[in-house]
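Quick notes on the structure that follows.
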């Protein structure tokens with residue numbers, strides 16, 4: 372169990388005391404809680420993400436009182452529901468089922484499209500958000516048939532996004548069934564050879580047509596069709612070269628674009644002969660573009676704890692904010708997930724040199740130099756241990 376607040380504060384730095392004070396103020400005015408709270412196991416972190424777990428609460432008020440007394444830096448709860456959430460060991464809890472949860476936190480630090488900002492990278496956050504939108508729209512809603520009112524999306528509070536599906540059917544999915552869903556999303560076992568086939572129509576060897584997905588296809592067939600169709604429709608010399616398609620073959624494709632595209636719409640991928648290697652390259656390209664990386668253990672581990680939506684993240688001071696899907700496109704964590712007074716400022720000594728973009732401002736930091744910054748920036752840098760409060 373953590374030290375009582377009064378005792379632990381005696382050992383806190385000025386920065387930690389400020390963070391704890393602001394976290395307490397946040398929980399006094401904003402009380403996050405999960406669906407079916409009394410059936411959930413909770414875990415709390417004070418020096419790391421989970422210092423201890425197997426905690427449960429009898430009511431929302433009981434839970435809020437705990438947050439205000441102990442002021443944890445990290446609040447996590449079980450994706451599973453239990454008869455006795457606080458019981459140990461795990462087999463005594465009485466498992467009742469688990470929500471279907473996905474965690475997206477892919478690192479785009481080495482993405483060559485940008486100059487990475489190690490303090491707070493808006494490009495990386497934008498890329499992960501795009502992944503979140505694709506997972507929600509292309510896979511969960513379109514392919515799996517999840518209803519939008521069964522889907523909850525929240526920013527993780529740090530580098531990624533969490534997606535929760537809550538209904539009785541998914542709660543009964545086994546760990547193995549969840550792994551199969553992951554295999555579909557990540558395309559780890561996708562057999563590309565089954566999407567293109569030769570259909571013989573005569574006796575001669577060349578009496579065949581290559582059949583593939585049409586515009587009416589669904590699932591991965593549709594994703595492969597869309598990528599290949601878009602490439603044939605738009606590719607110029609540069610794009611053909613990037614895919615290692617010869618200039619002679621590229622010339623034939625561009626001269627016959629309309630015919631190829633029309634035939635593809637019907638499921639005929641054989642308007643131009645000798646395209647086997649081209650289709651192979653484009654299908655592989657489609658897998659790279661359309662598949663997603665997710666933290667697999669979060670999805671298949673039935674006893675996993677995950678950050679509570681609308682709680683604070685102790686590594687950033689940002690809110691793990693719930694976001695309606697129709698608002699996700701415009702969501703920016705460094706503007707919309709801020710928890711503290713936008714007018715309050717603090718003097719800090721920076722431990723890093725670089726730029727922090729937050730709250731609509733670009734703050735230039737120099738290692739060892741004092742600077743007055745808005746409270747949200749101060750809390751962020753203190754949580755990241757990139758500054759000291761002065």
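Residue numbers (the working numbering): 372 to 761. From the three backbone atoms N, C-alpha and C, an ideal C-beta is built for every residue, glycine too. A quick note: this is a predicted structure, and the numbers were derived from the prediction, not measured.
Per DSSP, the bridge partner or partners of residue 474
Locating residue 474 in the chain shown gives position 103, where the first residue counts as 1. Its beta-bridge partners are 533.
Contacts around residue 586, its chain only, beta-carbon distance under 6 angstroms, and the 5 residues preceding and following it disregarded:
Numbered from 1 along the chain shown, position 215 holds the residue referred to as residue 586. Cβ contact annotation for residue 586 (same chain, cutoff 6 angstroms, sequence separation greater than five): 636, in chain order.
Residue burial classification, residue 393 (beta-carbon count within 10 angstroms, cutoff 16):
Here residue 393 is taken as the residue at index 22 of the chain shown, counted from 1. Answer is buried; the Cβ neighbour count reaches 16.
Going straight from the alpha carbon of residue 503 to that of residue 704, what length do you get?
Indexing the chain shown from 1 puts residue 503 at position 132. Indexing the chain shown from 1 puts residue 704 at position 333. Within the model, the alpha-carbon separation for residue 503 versus residue 704 is close to 14 angstroms.
Given this structure, state the Cα-to-Cα distance separating residue 708 from residue 500, to the nearest angstrom.
Taking the chain shown and counting its residues from 1, one reaches residue 708 at position 337. Taking the chain shown and counting its residues from 1, one reaches residue 500 at position 129. The straight-line gap from Cα to Cα measures roughly 14 angstroms.
With a 10 Å radius around its C-beta and 16 neighbouring C-beta atoms as the bar for buried, classify residue 668 as buried or exposed.
Indexing the chain shown from 1 puts residue 668 at position 297. With a threshold of 16 other beta carbon atoms within 10 Å, residue 668 falls short and is exposed.
What is the rounded straight-line gap between the Cα of residue 611 and the Cα of residue 603?
Within the chain shown, the letter at position 240 stands for residue 611. Within the chain shown, the letter at position 232 stands for residue 603. The straight-line gap from Cα to Cα measures roughly 9 angstroms.
With 16 other CB atoms within 10 Å as the buried threshold, where does residue 646 fall?
Translated into the one-based positions of the chain shown, residue 646 becomes position 275. Classification for residue 646: buried.
Starting from residue 432 and walking both ways along the beta strand (DSSP E), at which residues does that stretch end?
By 1-based counting over the chain shown, the position of residue 432 is 61. It is not in any beta strand (DSSP E) - residue 432 instead sits in the alpha helix (DSSP H) that spans 431 to 441.
Between which residues of its own chain and residue 460 is the CB-CB distance below 8 angstroms, once the five residues before and five after are set aside?
Counted from its first residue, the chain shown places residue 460 at position 89. No residues qualify anywhere along the chain.
Taking only runs that begin and end inside the stretch 542 to 587, name each unbroken alpha helix (DSSP H) of 4 or more residues, in chain order.
For the stretch 542 to 587, whole alpha helix (DSSP H) runs of length 4 or above, ordered along the chain, are 546 to 557.
Out of 622, 654, 660, which one is the CA nearest neighbour of residue 762?
The structure shown does not extend to residue 762, since the chain is modelled only from 372 through 761, so no value can be given for it.
Can you tell which of 403, 431, 761 has its C-alpha closest to the C-alpha of residue 741?
Translated into positions along the chain shown, residue 741 becomes position 370. It is 761 whose Cα lies nearest to the Cα of residue 741.
Indicate the three-state DSSP secondary structure (helix, strand or coil) for residue 404 in the structure shown.
Counting from one through the chain shown, the residue named residue 404 turns up at place 33. Residue state, collapsed to three classes: coil.
Go ahead and pull the three-state DSSP assignment for residue 694.
As a position in the chain shown, residue 694 is number 323, starting the count at 1. Reduced to three states, the DSSP call for residue 694 is coil.
Among 493, 462, 408, 416, nearest to residue 732 - alpha-carbon criterion
In the chain shown, counting from the first residue as 1, residue 732 sits at position 361. Among 493, 462, 408, 416, the Cα nearest to that of residue 732 is on 493.
For the alpha helix (DSSP H) containing residue 605, name the first residue and the last one.
As a first step, residue 605 is located in the chain shown; it is residue number 234 there, counting from the start. Start and end: 590 to 605.
Under 9 angstroms, do residue 498 and residue 482 count as touching if we go by C-beta distance?
By 1-based counting over the chain shown, the position of residue 498 is 127. By 1-based counting over the chain shown, the position of residue 482 is 111. Cβ atoms of residue 498 and residue 482: closer than 9 angstroms.
Going straight from the alpha carbon of residue 374 to that of residue 725, what length do you get?
Against the chain shown, residue 374 aligns to sequence position 3. Against the chain shown, residue 725 aligns to sequence position 354. Here residue 374 scores only 40 on pLDDT, less than 50, and its place in the model should not be relied on; the value that follows carries that caveat. Here the alpha carbons of residue 725 and residue 374 stand approximately 36 angstroms from one another.
Do you know whose CA, among 600, 748, 680, lies nearest residue 406's CA?
In the chain shown, residue 406 corresponds to position 35, counting from 1. Taking only the C-alpha atoms, the option nearest residue 406 is 680.
Where the beta strand (DSSP E) through residue 732 begins and ends:
For the purposes of this step, residue 732 is taken as residue 361 along the chain shown, with counting starting at 1. Annotation: the continuous beta strand (DSSP E) that includes residue 732 extends over 732 to 736.
Check whether the stretch 689 to 703 and the stretch 527 to 538 are in contact - that is, three or more C-beta pairs closer than 8 angstroms.
Taking a cut-off of 8 angstroms for Cβ pairs, the stretch 689 to 703 and the stretch 527 to 538 touch, as three or more such pairs fall below it.
Span of the alpha helix (DSSP H) around residue 493:
The sequence position of residue 493 within the chain shown is 122, counting from 1. Residues 493 to 505.
Got a sec? Which residues, its chain only, sit under 8 angstroms from residue 515 by beta carbon, not counting five neighbours each side?
Along the chain shown, read from residue 1 onward, the residue named residue 515 stands at position 144. Excluding residues up to 5 positions away in sequence, 552 lie with their Cβ nearer than 8 angstroms to the Cβ of residue 515 in the same chain.
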